[in-house]
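Here is the structure we will look at, set down as structure tokens.
There are 4 protein chains.
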Amino acid sequence: MNYQETFSSIHSVLSTLDNTGQTAQYIPELAAVNPQKFGVSLYTIKGELYNFGNAQEKFSIQSIVKVLSLAMAYSRQGAQIWERVGVEPSGTPFNSLVQLEYEQGIPRNPFINAGAIVVSDILVSILQNPEKDFLEFIHEIIGDKSIQYNSSIAESEKSCAYRNLALVHLMKSFGNIENDIDRVMDFYFNMCSICMTTDEVAKVFSMLANKGISPITNTEILSSSSSKRINAIMQTCGFYDESGEFAYRVGLPGKSGVGGGIVAVHPGQYSIAVWSPKLNAKGNSLIGSKFLEAFTTAINASIF
Amino acid sequence: MNYQETFSSIHSVLSTLDNTGQTAQYIPELAAVNPQKFGVSLYTIKGELYNFGNAQEKFSIQSIVKVLSLAMAYSRQGAQIWERVGVEPSGTPFNSLVQLEYEQGIPRNPFINAGAIVVSDILVSILQNPEKDFLEFIHEIIGDKSIQYNSSIAESEKSCAYRNLALVHLMKSFGNIENDIDRVMDFYFNMCSICMTTDEVAKVFSMLANKGISPITNTEILSSSSSKRINAIMQTCGFYDESGEFAYRVGLPGKSGVGGGIVAVHPGQYSIAVWSPKLNAKGNSLIGSKFLEAFTTAINASIF
Amino acid sequence: MNYQETFSSIHSVLSTLDNTGQTAQYIPELAAVNPQKFGVSLYTIKGELYNFGNAQEKFSIQSIVKVLSLAMAYSRQGAQIWERVGVEPSGTPFNSLVQLEYEQGIPRNPFINAGAIVVSDILVSILQNPEKDFLEFIHEIIGDKSIQYNSSIAESEKSCAYRNLALVHLMKSFGNIENDIDRVMDFYFNMCSICMTTDEVAKVFSMLANKGISPITNTEILSSSSSKRINAIMQTCGFYDESGEFAYRVGLPGKSGVGGGIVAVHPGQYSIAVWSPKLNAKGNSLIGSKFLEAFTTAINASIF
Amino acid sequence: MNYQETFSSIHSVLSTLDNTGQTAQYIPELAAVNPQKFGVSLYTIKGELYNFGNAQEKFSIQSIVKVLSLAMAYSRQGAQIWERVGVEPSGTPFNSLVQLEYEQGIPRNPFINAGAIVVSDILVSILQNPEKDFLEFIHEIIGDKSIQYNSSIAESEKSCAYRNLALVHLMKSFGNIENDIDRVMDFYFNMCSICMTTDEVAKVFSMLANKGISPITNTEILSSSSSKRINAIMQTCGFYDESGEFAYRVGLPGKSGVGGGIVAVHPGQYSIAVWSPKLNAKGNSLIGSKFLEAFTTAINASIF
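If you read the sequences in order, they're chains A, B, C and D. Taking the numbering used here, I'd label the letters of the first sequence as residues 147 to 450. Taking the numbering used here, I'd label the letters of the second sequence as residues 147 to 450. Taking the numbering used here, I'd label the letters of the third sequence as residues 147 to 450. Taking the numbering used here, I'd label the letters of the fourth sequence as residues 147 to 450.
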């Protein structure tokens, strides 16, 4: 299939749309990104790469990393992690405290902030050098050691993280955080600060299209069963309280980040990453979502 | 694939389990069903039928019908119906009023009771003879006119429907019910009272595995796009506040009913219906859920 | 004290204010009331009556009646009624379903709609002729048989009572309504439809300023202890989610109605009734609240 | 009146009751208090002191201090403080985050933890030396400089304050905390750590029975109007989600603390402080509440 042509023609159509969103405003590093940037990359399980636009430009992947931290924790601890975080859609915004209070500090799923903080706590407990080991986990998937944390983004987020600090303190009060709060949050913000290109994101996530095996390094990162289960959680929970809408419109499991990135996976076929910095009211990339909807419609292929 | 053998061997294993649930107790017709009943049927898009156990015995499909009423309303009104009901997981039990109050009478999705009542209201508005037309819609899919309402089940449900009446009055107060409440609820209870065998359920739902075209009558019931979108909604919302769990464990879009039935769809391949009357605490068939998990694990095939 | 002069001077000041509220719009009988009407009456435990403005004009007392139905139920059943309704402020609007769902059908207090419906159900259970007996209860307090139900108001309310019907069905589903829903709601709407003048309201409520004994007929309506307890509930719950505000500003136990009436009680001294039909956003009389605040400030007397 | 005799006879009766509660367990200093301790003191606006039991023994007043911090903030800033904290009962437990999230970081009232933290923040903003100035405020009321903070209690509370830290971070995220979180919380915990005897508590609160003027030092601490308003807030909000119950049973404005103290005020007459360390499920002194109910019943005097 000529994916590039499809990319280009969808992009032309979308460029004419009124693009009313805005970049994430709460940290300078994200607010300052040129809102006209647009990149898309598709990587097949056979190792073919298709891309368009600013596909080699690094951006802050933010919450997209939550899939990778979950993958690492799940690969080490297995189903045991579900004692501390659920797999249900929350039906609420990404940073809500309400359900966390009603449900005694157990987050609904690992992709809302509270759940990802619990995963961060799990990794701090089981890893020798969390920051180093986590990067190595990613490097092992992509066969490339260039992916790094961005300390100025991590610092910026940390300085305005009152809501996340409310979440972690609430969970600690319920006994669902084992380690020192500062240590857990440092690691959490470091992970969120990772920068990648859409090429890189598509490559890293291709293992989830390939039953847990990296098509690049041929390493088994996850068992086939674990890979499927992570895709299932992305499908039901990947877009906060727009998860149903994304499943309905795009029809693929996916995950968004407040840096404007979205990744989606077609199991058995490919992964696709798109980047456009302006966000809608729910915090998901405006053009990115529309692009993926148009793409799965154009090639007439979703998992449903 | 030898599906029957797989069915049989999974069933043997499950029979040894402690089966702690109980049948739905709120109406005599459901409470009185023999809890040992078990049937499963799989129907491929090529028209092959595989089954096991009590697969030719009628049971009350209950909420499974909500997929069919949605399919009919969506085929007639298109995306316009989403002005009155959402496509997001609710994160709450099937009959909760909380979100309905916060969200001004707009139900989260068409598979919780409130949403299905809105769909019933839509059908009452657009159909000449709702009861007759809806049965014909089903008959057209399956090419068989034997499927009928069960008036004693409908009457029983109506007589203890205080919670559903609370939902419909609340929505009426917000202006989201157009017709007379009694008319809407009569139709709603009639639809829920339909009885089918697992063979029949698998056959009817095979159109959702086949891009909206009935493999039996070869009629286009839904457009390919509509069929995919209904599958997406089943995936994210089909099991109330166990939807994430079902996606995680089974990996197929599906829908359960309080009569102990569950249907799941593997797009492009088959639909499968299972029936076992005892329910877990969330109101989903206990053995039915375990069976489907074991089945998709055994044949190593899910959409993820 | 020269109450009339105080009334007149406060009224002059308030007349110059911008009066932005509006009359209750949901039933024609309330919407059509002249919004300029204003009446106030004060009745002391010694039997002195002071009034100003339209103090002899009948208006629909609406929720003010909830204090009288509670008084009757409490005088007959005592503390037993607290098994079915609480005495805590709800912190939510008068017709909210949220807490009712979380708290299994037990309303927070007898002055929100759900609680008053439970009280209505209790009276239907214990009275031979609820409508007749309840009027006699009021007649016994005031020594005058002219107070009556207004059937056109009752009918109007009944025809648009979807929210209240949602409440009663929800409580019935939890087992907290004993009688037929239509019977309970008919009696509820009849009670709300009672019309009185501010003179009459002040007289009826004077028994709560006088330890439960009517200063007019000298009959003991309630025990001294019961009278105090009803005043306490009015203080904490009489104004829905403005109860704290009313306690803070006015400093007396009181109860409002959507017909624009407010009654307040200074135990050991007097009761005061005010009527001004325009309501604020919380459904309480705009000018009525301001008048009472100005009055207790002017005479420098509250219970606090 | 012979208050001491009344105290003694009520205490005899209560001693025979099964006292099932337990002392606050979350900090060693409170858990270790002898649960059999009991003290009560009543101080009239004429300066008469009546007491019984361990009335000269210091205990940790905990949340009772919230009335004093509110009094100080209100005396300095007036009604301006209501822009940052409400006066409505919350209908929820003392440390709930739910309403705080729905209501954008504005606590319902100054007596739940979130509200008291806002008051602490206000005092940090306006006072030169918050800790010193606040003690002086109390010393000015009681005419005695012996009342002090207890640093070991303050330290203990700080070390397990995850829930309170969740509250303050959430409010900071909504912009409702001006100062550094650590500074605000240090001051908050210091205030809560103050220890007094029941004699001292009754004396300090007697100014609220006396229109804001200390009967001891004859100083005007609050205006008459401010004093009444603080009493009104105590009445509606002083006991978290048992406020209605306390109004109903005791009939006086009051405030409890997790150290087992309760203070109540009869405006125009006296204040009364009681101390018994075991708490009920809502965190209020079990015997203390029963004692006050029996006391206002025995002397047949409440504000209602």
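Heads up, the beta-carbon is just placed ideally off N, CA and C, and yes, glycines get one too.
- [ ] Name the one or two DSSP bridge partners that A:SER187 has.
- [x] Mapped onto the first sequence, residue 187 of chain A falls at position 41. A:SER187 pairs with A:ASN197, A:ALA419.
TODO: Quick one: grab the DSSP three-state call for A:VAL347.
DONE: The residue you call residue 347 of chain A lines up with position 201 of the first sequence. Correct three-state label for A:VAL347: helix.
Task: B:VAL186 versus B:TYR416: straight-line alpha-carbon distance, rounded - done: Residue numbering aside, residue 186 of chain B sits at position 40 when the second sequence is read from its first letter. Residue numbering aside, residue 416 of chain B sits at position 270 when the second sequence is read from its first letter. Each residue's Cα considered, the two are about 13 Å apart.
Task: Nearest-angstrom Cβ-Cβ length linking C:ASN255 and D:GLY390, presumed shorter than 8 Å - done: The residue labelled residue 255 of chain C in the question sits at position 109 within the third sequence. The residue labelled residue 390 of chain D in the question sits at position 244 within the fourth sequence. The Cβ separation is near 6 Å, so the contact holds.
Open item on the list: Less than 7 Å between C-beta atoms, sequence neighbours within five positions excluded: which residues of the same chain meet that for C:ARG222?
Closed with: Residue numbering aside, residue 222 of chain C sits at position 76 when the third sequence is read from its first letter. Contacts found: ILE272.
Task: Partners in chain A for B:ILE379, counting only beta-carbon separations shorter than 9 Å - done: Position 233 of the second sequence holds residue 379 of chain B. Going along chain A in sequence order, the residues near B:ILE379 (Cβ under 9 Å) are GLY390, ALA393, TYR394.
- [ ] Keeping to the same chain, check which residues put their C-beta closer than 6 Å to that of C:GLN171; ignore five residues upstream and five downstream.
- [x] Residue 171 of chain C sits at position 25 when you count from the first residue of the third sequence. These residues qualify, in order along the chain: ALA177.
- [ ] Taking only the alpha-carbon atoms, compute the straight-line gap between D:MET337 and A:VAL404 and give it to the nearest angstrom.
- [x] In the fourth sequence, residue 337 of chain D corresponds to position 191, counting from 1. In the first sequence, residue 404 of chain A corresponds to position 258, counting from 1. Their Cα atoms are separated by approximately 41 Å.
Open item on the list: Suppose only complete runs of 4+ residues qualify. What are the alpha helix (DSSP H) ranges in the region 339–391 of chain C, listed by chain order?
Closed with: 344–355, 370–383
Open item on the list: Quick check: is the beta carbon of D:THR190 nearer than 8 Å to any beta carbon in chain C?
Closed with: Along the fourth sequence, read from residue 1 onward, the residue named residue 190 of chain D stands at position 44. Answer no: the Cβ-Cβ gap between D:THR190 and chain C never drops below 8 Å.
- [ ] Give the interface partners of B:ILE449 over in chain A, defined as CB-CB distance under 8 Å, in chain order.
- [x] For this step, residue 449 of chain B is matched to residue 303 along the second sequence. Within chain A, the residues near B:ILE449 are PRO413, ILE449, PHE450.
TODO: Would you please verify whether the beta carbon of C:THR87 is less than 8 Å from any beta carbon of chain D?
DONE: Chain C is shown from 147 up to 450; residue 87 of chain C falls before or after that span and cannot be answered.
Open item on the list: Tell me whether the region 264–282 of chain A and the region 257–277 of chain B touch, counting them as touching only if at least three CB pairs, one residue from each stretch, are closer than 8 Å.
Closed with: Cβ pair count under 8 Å is below three, so no.
- [ ] Have a look at A:GLY289, A:MET342, A:ILE293 and flag the residue whose alpha-carbon is nearest the alpha-carbon of A:GLU277.
- [x] Along the first sequence, read from residue 1 onward, the residue named residue 277 of chain A stands at position 131. Looking at the Cα atoms, A:ILE293 is the closest of the given residues.
Open item on the list: Contact defined as beta carbons within less than 8 Å: I believe A:ILE433 pairs with A:LEU243. What is the distance between those atoms, to the nearest angstrom?
Closed with: By one-based count along the first sequence, residue 433 of chain A stands at place 287. By one-based count along the first sequence, residue 243 of chain A stands at place 97. About 31 Å separates the two Cβ atoms, so there is no contact after all.
Task: Nearest-angstrom Cβ-Cβ length linking C:ILE263 and C:VAL314, presumed shorter than 8 Å - done: Numbered from its first residue, the third sequence carries residue 263 of chain C at position 117. Numbered from its first residue, the third sequence carries residue 314 of chain C at position 168. That pair is a contact at about 5 Å.
Open item on the list: Quick check on this structure: which residue in B:PRO423, B:PHE320, B:CYS341, B:ILE418 has the alpha carbon closest to the alpha carbon of B:LYS291?
Closed with: Residue numbering aside, residue 291 of chain B sits at position 145 when the second sequence is read from its first letter. Taking the Cα of B:LYS291 as reference, the smallest distance to any Cα among B:PRO423, B:PHE320, B:CYS341, B:ILE418 is reached at B:CYS341.
Task: Simplified DSSP assignment, three categories, for A:GLY400 - done: Residue 400 of chain A sits at position 254 when you count from the first residue of the first sequence. Looking at A:GLY400 - three-state DSSP - the assignment turns out to be strand.
TODO: Can you pull the chain A residues whose beta carbon is under 9 Å from the beta carbon of B:ASN255, in chain order?
DONE: As a working mapping, residue 255 of chain B is identified with position 109 in the second sequence. What B:ASN255 touches in chain A: GLY390.
Open item on the list: On the DSSP letters alone, give me the boundaries of the beta strand (DSSP E) that C:ALA427 sits inside.
Closed with: As a working mapping, residue 427 of chain C is identified with position 281 in the third sequence. No beta strand (DSSP E) holds C:ALA427; DSSP gives it neither H nor E.
TODO: Grab the span of the alpha helix (DSSP H) containing D:ALA217 for me, first residue to last.
DONE: Counted from its first residue, the fourth sequence places residue 217 of chain D at position 71. For D:ALA217, the enclosing alpha helix (DSSP H) covers residues 211–223.
Open item on the list: For C:ASN199 and A:PHE320, what's the separation of their Cα atoms in angstroms?
Closed with: As a first step, residue 199 of chain C is located in the third sequence; it is residue number 53 there, counting from the start. As a first step, residue 320 of chain A is located in the first sequence; it is residue number 174 there, counting from the start. Per the sequence presented here, residue 199 of chain C reads as Gly, with Asn not at that position. Cα to Cα, the separation comes out at about 59 Å.
Task: 8 Å Cβ cutoff, C:SER402 in contact with chain D - done: Residue 402 of chain C sits at position 256 when you count from the first residue of the third sequence. Answer no: the Cβ-Cβ gap between C:SER402 and chain D never drops below 8 Å.
Task: N-terminal and C-terminal residue of the alpha helix (DSSP H) that D:GLY300 is part of - done: Here residue 300 of chain D refers to the residue found at position 154 of the fourth sequence. Checking the sequence, you will find Ala at residue 300 of chain D rather than Gly. First-last of the alpha helix (DSSP H) with D:ALA300: 297–305.
TODO: Report yes if the C-beta distance between D:VAL179 and D:PRO413 is below 8 Å; otherwise report no.
DONE: In the fourth sequence, residue 179 of chain D corresponds to position 33, counting from 1. In the fourth sequence, residue 413 of chain D corresponds to position 267, counting from 1. No, Cβ-Cβ distance for D:VAL179 and D:PRO413 is not below 8 Å.
Task: Anticipated Cβ contact below 8 Å, A:TYR248 with A:LYS349, distance rounded - done: Counting from 1 along the first sequence, the entry for residue 248 of chain A is found at position 102. Counting from 1 along the first sequence, the entry for residue 349 of chain A is found at position 203. 40 Å between Cβ atoms; not a contact.
Open item on the list: Checking the sheet assignment: what are the DSSP bridge partners for B:HIS412?
Closed with: Within the second sequence, the letter at position 266 stands for residue 412 of chain B. B:TYR416, per the DSSP bridge assignment.
- [ ] With DSSP as the reference, label A:GLY434 as helix, strand or coil.
- [x] As a working note, residue 434 of chain A is residue 288 in the first sequence. A:GLY434: helix per DSSP, three-state reduction.
Open item on the list: Distance cutoff 8 Å, beta carbons only. Does C:ARG375 sit that close to anything in chain D?
Closed with: Taking the third sequence and counting its residues from 1, one reaches residue 375 of chain C at position 229. It does; some Cβ of chain D falls within 8 Å.
Task: Distance between C:PHE335 and C:GLU324 (C-alpha atoms, nearest Å) - done: In the third sequence, residue 324 of chain C corresponds to position 178, counting from 1. In the third sequence, residue 335 of chain C corresponds to position 189, counting from 1. If you take the alpha carbons of C:GLU324 and C:PHE335, they lie about 18 Å apart.
Open item on the list: Judging by CA-CA distance, which residue of B:LEU354, B:TYR386, B:ALA419 is the nearest neighbour of B:SER372?
Closed with: Reading the second sequence from its first residue, position 226 is the one you call residue 372 of chain B. Ranking the options by Cα distance to B:SER372, first place goes to B:LEU354.
TODO: Quick one: residues in its chain with C-beta nearer than 6 Å to the C-beta of D:GLU303, no 5 flanking neighbours on either side, listed in chain order?
DONE: Here residue 303 of chain D refers to the residue found at position 157 when the fourth sequence is read from its first residue. If we look at D:GLU303 and ignore the five residues flanking it on each side, its Cβ neighbours are ILE173, PHE335.
- [ ] Measuring only between beta-carbons, confirm whether C:TYR308 sits less than 8 Å from chain B.
- [x] Here residue 308 of chain C refers to the residue found at position 162 of the third sequence. Yes, its Cβ sits closer than 8 Å to a Cβ of chain B.
Task: Proximal residues of chain C, C-beta to C-beta of B:ALA312 below 7 Å - done: Locating residue 312 of chain B in the second sequence gives position 166, counting from the first residue. What B:ALA312 touches in chain C: ALA312, HIS315, LEU316, SER319.
Open item on the list: Going by beta-carbon coordinates alone, are B:THR442 and B:VAL396 separated by less than 8 Å?
Closed with: Translated into positions along the second sequence, residue 442 of chain B becomes position 296. Translated into positions along the second sequence, residue 396 of chain B becomes position 250. Going by C-beta atoms, B:THR442 is nearer than 8 Å to B:VAL396.
Open item on the list: When you compare the CB of D:SER236 with every CB in chain A, is at least one pair closer than 8 Å?
Closed with: Along the fourth sequence, one-based indexing puts residue 236 of chain D at 90. Chain A, which has no Cβ nearer than 8 Å to the Cβ of D:SER236, makes this no.
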